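Residue 62 is where the sequence shown starts when you use the numbering used here, and the numbers rise one by one after that.
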Amino acid sequence: MATMTKKGTITPSSSKWLACECGDEVEVSTTTARVTCPNCVNKMAAPPEVPAYIERERSGPTLNKDGTPRAKRGEGKKYVPSGFPRGWHKKAEYVHVDGSKWCRGKKVG
Ligand SMILES: [Zn+2]
62 MATMTKKGTI
72 TPSSSKWLAC
82 ECGDEVEVST
92 TTARVTCPNC
102 VNKMAAPPEV
112 PAYIERERSG
122 PTLNKDGTPR
132 AKRGEGKKYV
142 PSGFPRGWHK
152 KAEYVHVDGS
162 KWCRGKKVG
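Below is the structure:
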């Protein structure tokens, strides 16, 4: 087994260069007989599985029942200023700046 330092490098005194099957040379310990380079390891390993939630994002936005794209978390809760102060619809009598009168959210004049 190759002796490795903490940084993952082999101490120069006990290392040699060994060729992989593809021809790439890799620095290994003097006790190593055969080596597979990182490129070949990548080719051998299966591609990573794509998690379901990423697959869903790639296939497009999530749709509502009526076919419209569903708002992402937080997007649908934006405060839209109505021109009325907060809690105006709970007041028994509210007179708006334009002169209209309201009673508990219903226009009375
Ligand atoms: Zn190789």
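We treat Cβ as the ideally placed atom computed from N, Cα and C, and that holds for glycine.
Note that the structure is a prediction, hence the values are computed from the model and not measured.
What first and last residue would you give for the beta strand (DSSP E) that runs through residue i?
i	result
S76	76-80
According to DSSP, is residue i helix, strand or coil?
i	result
C101	helix
V87	strand
Is it right to say residue i is buried, meaning 16 or more other beta carbons lie within 10 angstroms of its own, or is it exposed?
i	result
V96	buried
Answer yes or no: does any C-beta atom of chain C fall closer than 9 Å to that of residue i?
i	result
E110	Here there is only one protein chain, and chain C is not present.
Note down, one range per segment and in chain order, each alpha helix (DSSP H) of at least 4 residues found wholly within the region 105-162.
-> 113-119
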